[in-house]
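Q: Below is one structure. I have some questions about it.
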Amino acid sequence: MLAVKTSRLSKVFGDVVAVDGLSLEVKQGEVFGLLGPNGAGKSTTIKMLTGLLSPTSGTIEVLGRHPTDQELLTSVGYVPQDLVFYGHLSAKENLELFANCMEVENAKERVTELLRLFELYEAKDRRAAVLSGGQKRRLNVAIAFLLTPQLLILDEPSAGMDPQSRNMLWEILEGMREESNITVILTTHLIETADRLCNRVAIVDHGKVIAIGTPSELKGKGKDGEILEIVLNNSPPDLMGKLNDYDVEITEHMIRFRNLDTFSELPKIVEKLNGLIPKESIRSFNIRQKTLEDVFIAHTGRSLRE
Amino acid sequence: MRKLFVLYRAQLLVSFRNRQAFFFSIIFPLIFVGVFGLAFQEGAPGNSTIPIGLVNLDGGLPEGVSLQGVDGSQISGKYFSERFVDILSSLKFEDNETKIFNFKSFQGLQDARTELEKQDIHALLVIPESFSLAMVSAMQQAFPNMTLQGVPQANTSVVLEGDQSLINFNIATTVVEQVLKDFVKFGQIEAKTVALQVEGNISSKGLTAFDLIVPGLVIFAVLNNLSTVAAVSVSDISEGMLDRLRKTKMKGYHYLGAIILAQISLAFIQIPIMFFAASLFGFPITKSIGYAFIVALLMALAVSGIGIIAGGLTENADAAGSLGAIIGVPMAFLAGSFFLVPNPTFFDVGWFRLRIFDFLPATPAVDMLRITLLNDKTIFDTPFEFAMLLFDAVLFLSIGLLIYVRKHCKAH
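If you read the protein sequences in the order shown, they are chains W and R. Under my numbering, the letters of the first sequence match residues 1 to 306, in that order. Under my numbering, the letters of the second sequence match residues 307 to 718, in that order.
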């Protein structure tokens with residue numbers, strides 16, 4: 001059974017097309033990432049999945065229901081991108097408020113449990129407004145964990161988190177999935193987040209899916225999944241038409257070969273460059289696995305951070 | 307019910323922990339009490355006689371018509387208007403033998419107005435031509451079986467002219483208004499006790515200008531919460547709190563109910579604090595103070611409604627708070643909280659007069675507080691003000707809820 005299914009989903013705000021014919025299928029139990037730069041339409045998609053926004057066109061099914069179905073209130077957890085809690089209430093008071101609104105059983109025990117799990121117990125009586133940035137982020141996420149949902153939707157959960165808090169969150173998420181096999185949909189513009197957590201990733205730009213698959217599939221495995229970067233001390237000579245056999249990008253101080261099986265191709269490349277570039281102008285060779293950032297650049301010509 | 311309670315508790319805590327909101331709700335009105343208290347508690351105009359002009363245009367009862375008083379005397383001619391002026395003339399301050407009014411009669415309006423402009427008199431009372439006829443009509447309304455042949459039905463208004471920025475004029479207005487109110491009841495409760503009731507009510511008080519201002523200050527304090535309601539309601543939207551709460555089992559009525567309950571609680575906390583502070587400057591605390599809580603309850607409902615409307619018209623908390631202040635402060639002034647402001651008539655059929663600012667909740671609220679607190683009256687003595695305040699509260703709350711639910715409680 002699918003946890004989420006969208007079909008030709010669109011959302012238009014005035015003249016701006018935020019989401020443009022998005023069709024997705026998220027299987028139950030998987031961690032699905034929406035990866036894209038700011039303004040790609042990720043948050044708008046999330047708000048439509050949670051029923052907070054109505055689509056301009058297209059259809060959505062969440063756990064087999066319409067997103068605004070009241071039955072989903074207890075089976076879908078949602079972490080908004082912004083910090084959403086009362087700054088004048090303490091961490092504990094905020095959790096208790098939401099626990100009561102969610103009708104959580106044994107609310108007090110659950111609140112205490114989450115305060116400890118998210119390492120907020122020592123700061124539980126401090127007003128949320130004066131917590132550290134990492135503590136605020138953890139509180140923002142902890143609220144969605146008051147219930148154990150079937151589907152957890154996180155909108156940029158790690159934005160603004162320090163690495164320690166981020167690791168803690170990922171461990172909590174992984175632990176939760178092991179316990180209850182929940183489905184997780186998260187949006188992020190951080191490659192590491194998508195790479196580490198997601199079973200499948202949809203790369204989104206301008207409201208459209210431009211690539212979808214497992215991180216390994218997207219990056220390409222083995223034979224053509226590597227990148228060779230040759231860093232130069234000065235600008236490379238004119239290589240036009242001389243490296244046509246390769247997927248190559250030439251910048252001011254770098255020649256980048258993509259989609260390589262470096263082990264077998266490297267000697268040939270060295271031989272080819274031998275007469276073209278003087279040895280002394282090569283500063284370094286760098287061989288690395290292709291990242292999702294490379295996939296994004298390959299599809300859009302832009303970096304995720306641009 | 308539990309969700310309503312926890313949201314109410316949260317709203318109340320947010321209001322009290324928000325220093326800016328706390329300042330505007332509690333500290334700011336207290337500063338006003340202190341300033342007005344220091345300025346007007348002593349040397350009050352209430353201790354000195356107010357020169358007042360009189361133009362009595364009363365045409366009296368028609369010729370041949372006479373009534374018999376309880377003492378057997380014949381009542382004819384200008385009896386009613388002269389009696390009315392007699393009562394006003396005899397009023398004295400409680401703590402000395404000083405009369406409240408010193409009347410100076412004029413034959414024509416022009417002369418009287420010239421004196422008024424020169425400040426030789428501080429108010430001008432104009433009794434209209436149909437005053438006696440209107441009094442008989444009032445008696446006939448009170449005693450439907452009584453008919454007086456040859457006396458037509460009439461409605462009229464007594465006019466009090468003067469400079470509204472003068473404290474003496476404000477005092478004269480309050481006193482004349484109260485005496486007239488009791489005088490018109492003369493027909494309804496028979497004549498035997500009227501004179502005592504009027505003199506007892508008015509001359510039992512040594513009202514200072516500060517005493518007249520205190521009811522307005524209390525309403526001003528409640529109105530100051532308007533900015534907080536507007537800011538909270540809009541910040542919960544713009545910062546995503548309402549969306550997040552909507553993804554719980556909370557309903558719109560839980561949230562709005564919590565905001566309204568928090569405002570009522572805040573108003574109930576403000577009332578004793580304000581009156582306690584006012585009492586330090588000599589404001590008399592009477593048993594009528596209990597009615598202030600009824601007024602506060604209705605004002606809090608109206609303020610919640612207007613605050614929610616303001617929240618619905620703005621995009622962020624700062625703009626909403628500013629709009630709340632832009633609405634609340636002028637409303638306090640238009641209600642005559644600090645000094646009397648002209649209130650143009652909207653609808654007048656003689657026995658029922660509706661003024662434009664009566665549609666602003668602060669106006670009937672201030673009037674109700676002045677009448678009940680300063681004259682030891684009950685809420686049953688202010689049915690019109692009570693009805694208008696209730697109407698205003700229901701009207702603004704309904705509009706506010708309608709806007710809020712339509713705009714913010716559905717997916718867009």
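We put the CB at the ideal spot given by N, CA and C, even for glycine. Keep in mind it's a predicted model, so treat the numbers as computed, not measured.
1) Provide the residue span of the alpha helix (DSSP H) that contains Glu271 of chain W, from first to last.
2) Are the C-beta atoms of Pro278 of chain W and some chain R residue less than 8 Å apart?
3) Count the other CB atoms within 10 Å of the CB of Ser216 of chain W; is the residue buried (16 or more) or exposed (fewer)?
4) Do Ala129 of chain W and Gly87 of chain W have their C-beta atoms closer together than 8 Å?
5) Checking the sheet assignment: what are the DSSP bridge partners for Pro357 of chain R?
6) Are Leu292 of chain W and Lys219 of chain W close, meaning C-beta to C-beta below 8 Å?
7) Could you tell me the boundaries of the alpha helix (DSSP H) in which Arg196 of chain W lies?
8) Using a Cβ-Cβ cut-off of 8 Å, state whether Leu152 of chain W counts as contacting chain R.
9) Considering only the alpha carbon of each residue, which of W:Asn274, W:Arg256 and W:Lys268 lies closest to Ile287 of chain W?
10) CB Arg315 of chain R to CB Leu518 of chain R, shorter than 8 Å?
11) Using the Cβ count rule (16 or more neighbours within 10 Å means buried), how would you classify Asn362 of chain R?
12) Listed in chain order, which residues of the region 88-100 of chain W have Cβ atoms closer than 8 Å to some Cβ of chain R?
13) Name, please, each residue of chain W whose Cβ falls closer than 7 Å to the Cβ of Gly546 of chain R.
14) Gln380 of chain R: buried (16+ other C-beta within 10 angstroms of its C-beta) or exposed?
15) Determine which residues of the region 43-63 of chain W have a Cβ less than 9 Å from any Cβ of chain R, and write them out in chain order.
16) Pull up the distance between the alpha-carbon of Lys324 of chain W and that of Thr534 of chain R, whole angstroms please.
17) Please identify, using Cβ separations under 9 Å, the residues of the region 549-583 of chain R that lie next to chain W, in order along the chain.
18) Please go through the same chain and pick out, in chain order, the residues whose beta-carbon is closer than 8 Å to the beta-carbon of Leu89 of chain W, but skip the five residues on each side of it.
19) Is His714 of chain R buried or exposed, if buried means 16 or more other CB atoms sit within 10 Å of its CB?
20) By alpha-carbon positions, which one of R:Leu430, R:Phe489 and R:Ala564 ends up nearest to Ile393 of chain R?
21) For Val672 of chain R versus Ala641 of chain R, is the C-beta distance shorter than 8 Å?
22) From Asp542 of chain R to Gln416 of chain R, what does the alpha carbon distance come to, in whole angstroms?
23) Grab the span of the beta strand (DSSP E) containing Val209 of chain W for me, first residue to last.
24) Can you name, in chain order, every residue of its own chain whose Cβ lies under 7 Å from the Cβ of Glu280 of chain W, other than the five neighbours on each side?
25) Go ahead and pull the three-state DSSP assignment for Asn507 of chain R.
26) How many Å lie between Ser331 of chain R and Phe322 of chain R at the Cα?
27) Under a three-way DSSP split, which group does Val711 of chain R fall into?
28) List the whole-angstrom C-beta distance separating Asn100 of chain W from Val312 of chain R, where the pair is believed to meet the contact cut-off of C-beta under 8 Å.
29) For a contact defined as C-beta to C-beta under 7 Å, what are the partners of Ile309 of chain R on chain W?
30) How many angstroms separate the CA atom of Arg258 of chain W from the CA atom of Gly301 of chain W?
31) Pull the bridge partners of Gly64 of chain W from the DSSP assignment, please.
32) Whole angstroms is fine: what's the gap from Pro285 of chain W's alpha carbon to Arg200 of chain W's?
33) Taking the straight line between their C-alpha atoms, what separation do you get for His206 of chain W and Leu9 of chain W?
34) Any beta-carbon of chain R closer than 8 Å to the one on Gly222 of chain W?
35) Please classify Gln374 of chain R as buried or exposed, where buried requires at least 16 other C-beta atoms within 10 Å of its C-beta.
36) Can a CB atom of chain R be found closer than 8 Å to the CB of Leu73 of chain W?
A: Checking against the coordinates, here is how it stands:
1) Thr262 to Asn274
2) no
3) exposed
4) yes
5) R:Asn408
6) yes
7) Ile191 to Leu197
8) no
9) W:Arg256
10) no
11) buried
12) His88, Leu89, Glu93, Glu96, Leu97, Phe98 and Asn100
13) Pro80, Asp82 and Val84
14) exposed
15) Lys47, Met48, Thr50, Gly51, Leu52, Leu53 and Ser54
16) No answer is possible for residue 324 of chain W: the residues shown for chain W start at 1 and end at 306.
17) Asp549, Arg550, Leu551, Arg552, Lys553, Thr554, Lys555, Met556 and His560
18) Leu97, Arg127 and Ala128
19) buried
20) R:Phe489
21) yes
22) 60 Å
23) Lys208 to Gly213
24) none
25) Low confidence applies to Asn507 of chain R: its pLDDT is 28, below 50, so where it sits in the model is not reliable enough to give any reading.
26) 9 Å
27) helix
28) 4 Å
29) Here residue 309 of chain R is Lys; the residue named in the question, Ile, does not match the sequence. Ordered by position in chain W, the residues that pass the 7 Å Cβ test against Lys309 of chain R are Asn100 and Cys101.
30) 14 Å
31) Gly64 of chain W pairs with nothing; no bridge assigned.
32) One point to set straight first is that residue 285 of chain W is Phe, not Pro, in the sequence displayed. Approximately 31 Å between the Cα atoms of the pair.
33) 13 Å
34) Any reading at Gly222 of chain W must be qualified, since the residue scores a pLDDT of 49, below 50, and its modelled position is unreliable; the value itself is stated next. Closer than 8 Å: no.
35) exposed
36) yes
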